[in-house]
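First the structure, in the form of C-alpha cells, and then the observations on it.
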C-alpha cells in the first residue's frame, strides 16, 4: 500500500466511528432526556446535526471503498454519482415538500421513506465496496467522483432531513376540538387529558361517559399575536373570561360557555399554544374566594407523620418497602378552613392513624366540624390518594369538602399502576362529596383560597410531545402537578409531588427564580429523585422531606440519602423535616414571619416497635 493510502486508512475509520458514536449519543439524548424542552429551532438543529453525523459516516465508508480496489467501474461510478443523488432528492426532499400540507398520514409516510432512503444509502455503499470498486490505484476520476458523491449525499441528506423535521415537529392534524378553531397550520393530534369523576376506566369497564373527558390540541410555531387574536375570537363566540394570568413565559386565559371550560395558554419560549376543552372543571373565577387577613390571624402548614418501614400487610400487595413512600400535608388558612394535600398509602392508613389525622385537624382549627376548602392531589399513585380516600369514608359526617382538585391523565395516554385506588377515590367523591366543586387544574391558572394564592406551574399536559404526538412521560411521577402557594402576598410554599426529571426540565425551562424561589418546599418524590437543577433555584429556608430517617439521613449516597445531602446544601439541617417520627408544623404570621410550631406531635398508629404498622382495617 502506498504512503498516500496509509494516512486515509488510518484517519477515515476513526472519523467514521466517531461520527457514528456522536449520532447514537445525540439520538439517545434527544429521545430519552430532553425532547419536551426543546424549542422548534433547537429541534431542527439537532436533527440536522444528527443527519450530518450519519451521512458523514456513510460517506467515509464510501471514500474508503472507492480507494480500496484496483479497477473501479466507471459506469458504476457514473450511475452512483448521478442517479443515487436523484433518488435521494425525490425521497428526502420532493416528497416531504409536496405532502407537508396535505395531512399527517402523508407526512408520516414521507418520514418513513426518508428512513428507508438512509437504509438504501448504507446498502449502496456496502454493495459498491464489495462489487464495484476492484482497484487499489488512486485515479483522478475515482477521487473526483467520490468527492462529488460524498458532498452530494451529505447535502441532500441534510436538506431532506430539514424537510422531514419540519413535518415531524409541526404536525398537520385537522382541528378536532369542540371550540372555536385556532388559526394555525401546525396542530398536534387530539390528546385525552383525562377527567374528574368519570373516566374511560379500565378500557371503559367501570368508567363514566366519554363526553366528560377533557381534550387538548397543541399549536406549534405560533406567536403571541395569534394567541391574542384567538382569545378575541373566543370572546366574540359567546364565551366569558373566567381567569387570566401571565407567569413569565406562560400566558393563560380561561373561558366559560354553557358551563363548559376552554383553557388556552401560550408558551413564549416554545412558541406553542395549548388549547384545552374541559366540560367538568370549575373555573378559577368560580372556585376562588377571598378573605381579609387580620393582624392576629395565622396560617399553618403541617406534615403529618406517616410510618415508613419495609413491612406491610401482603393482603394489599404493597410489600417490598412501598411505605418508604406516602406524604400528607394539612394547611390551616387564616379563615380557619383547611387545605389538604395528598395523604398517604393504605399501609399507612390504619384506623388509629386516620383518627390521629382528624384529631390534628380538630386541634389546629379548634373545631370538631371541619371545613376543607380544597383537597388537592398531586398525582394518581396509591401512596398519595389512599389515605384521604379512607379519611373521607371514615369522617364524611364531620367534614364539609368544598372543593377537590387533581389533574389525572387518561390511562390510555399515560399508564398508571394504581387504578384501583383512584377508582375508589372517584366513587367516594361521588358518594360523600357530591356538591363539592371539581377542579382540574391547568398550567397558568391562578386560584385564591382565602389568604392563599395558588399558581399552577406544570401538569402532565405540558409533557405532551407535539413533535412525536404522544406524551413524553415515561415515569408516571412526571404527571405530578406542580404548584406554588403564596400566603398573605408574602410567604411562598412550593409543592412538587413526585416530580421527576422531565417535569423538572420543563419547569426550569419555563420559569426563573423570580417564580420558583420559595420560602418553604416539599422535597420531590420522597427524596428519591435528584433535582439538581431545581433545588438551587428554589433555595428554600424550610424543607418538608417526606421520607423516613433511616433512608434519608443514614442512607448511602444514592436515592433519598443522596438528595438529602443535596437539599442540605441550601437549607439548614434543623429546618429539614422528615416524616415518620413526628408531625412537624410551621406557623406563618400575618406579616409573613415563619416560625416552627413548638409542639412536635409524635407518630400515631400501631406499635411500630414490633414490626407491625398496619392494623388490617382496609380501605
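Numbering (this note's numbering), first residue to last: 110 to 728. A virtual CB, placed ideally from N, CA and C, is assigned to each residue, including glycine. Please read these numbers as outputs of a predicted model, since none were measured by experiment.
How many Å lie between residue i and residue j at the Cα?
i, j, result
"residue 611", "residue 504", "37 Å"
"residue 605", "residue 436", "12 Å"
"residue 467", "residue 533", "21 Å"
"residue 107", "residue 540", "Because the chain in this structure spans residues 110 to 728, residue 107 falls outside the shown range and cannot be described."
"residue 345", "residue 481", "37 Å"
"residue 700", "residue 674", "32 Å"
"residue 583", "residue 561", "33 Å"
"residue 563", "residue 642", "23 Å"
"residue 707", "residue 595", "23 Å"
"residue 262", "residue 361", "Low confidence applies to residue 262: its pLDDT is 49, below 50, so where it sits in the model is not reliable, and the reading given next is rough at best. Cα to Cα, residue 262 sits roughly 46 Å from residue 361."
"residue 590", "residue 565", "8 Å"
"residue 660", "residue 329", "43 Å"
"residue 443", "residue 449", "15 Å"
"residue 465", "residue 451", "16 Å"
"residue 471", "residue 478", "8 Å"
"residue 696", "residue 407", "7 Å"
"residue 460", "residue 714", "8 Å"
"residue 282", "residue 382", "15 Å"
"residue 288", "residue 685", "47 Å"
"residue 327", "residue 520", "20 Å"
"residue 347", "residue 299", "23 Å"
"residue 373", "residue 290", "12 Å"
"residue 446", "residue 580", "37 Å"
"residue 550", "residue 413", "24 Å"
"residue 572", "residue 524", "14 Å"
"residue 333", "residue 656", "43 Å"
"residue 676", "residue 682", "9 Å"
"residue 599", "residue 485", "22 Å"
"residue 507", "residue 500", "11 Å"
If you count every other CB in all the chains shown that lies within 10 Å of the CB of residue i, and 16 or more means buried, which is it?
i, result
"residue 276", "Its pLDDT being 42, under 50, residue 276 is placed unreliably by the model, and nothing is read from it."
"residue 403", "exposed"
"residue 709", "exposed"
"residue 802", "Since the first residue of the chain shown is 110 and the last is 728, residue 802 is not available in this structure."
"residue 628", "buried"
"residue 352", "buried"
"residue 645", "exposed"
"residue 249", "Note on residue 249: pLDDT 47, under 50, position unreliable in the model; no value is reported."
"residue 702", "exposed"
"residue 475", "exposed"
"residue 297", "buried"
"residue 341", "exposed"
"residue 576", "buried"
"residue 322", "buried"
"residue 427", "With a pLDDT of only 39 at residue 427, under the threshold of 50, the placement of this residue in the model should not be trusted; the figure read from the coordinates follows. By the 10 Å Cβ count, residue 427 comes out buried."
"residue 615", "buried"
"residue 511", "buried"
"residue 554", "buried"
"residue 711", "exposed"
"residue 704", "exposed"
"residue 378", "exposed"
"residue 636", "buried"
"residue 292", "exposed"
"residue 730", "Nothing can be reported for residue 730: it is not among the residues displayed for the chain, which extend from 110 to 728."
Beta carbon of residue i, beta carbon of residue j: below 7 Å?
i, j, result
"residue 513", "residue 303", "no"
"residue 570", "residue 325", "yes"
"residue 559", "residue 438", "no"
"residue 492", "residue 454", "yes"
"residue 294", "residue 331", "no"
"residue 603", "residue 593", "yes"
"residue 389", "residue 364", "no"
"residue 622", "residue 652", "no"
"residue 687", "residue 658", "yes"
"residue 530", "residue 494", "yes"
"residue 409", "residue 473", "yes"
"residue 397", "residue 497", "no"
"residue 335", "residue 619", "no"
Any beta carbon from chain B within less than 7 Å of residue i's own beta carbon?
i, result
"residue 517", "Among the chains of the structure shown, chain B does not appear; only one protein chain is present."
Looking at the strands, I want to know which residues DSSP matches up with residue i.
i, result
"residue 574", "579"
"residue 339", "Beta-bridge pairing links residue 339 to no other residue."
"residue 439", "411, 449"
"residue 711", "691"
"residue 387", "370"
"residue 562", "557, 595"
"residue 364", "350, 371"
Ignoring anything shorter than 4 residues or poking outside the segment 511-548, list the alpha helix (DSSP H) runs there in chain order. Fully enclosed alpha helix (DSSP H) runs of 4 or longer: 528-541.
Which runs of the beta strand (DSSP E) fall wholly inside the segment 644-699 and span at least 3 residues, in chain order? Listed in chain order, the complete beta strand (DSSP E) runs (minimum 3 residues) inside the segment 644-699 are 651-653, 691-698.
Which ranges would you report for the alpha helix (DSSP H) in the segment 454-488 if only whole runs of at least 4 residues count? Here the runs fully enclosed are 460-474.
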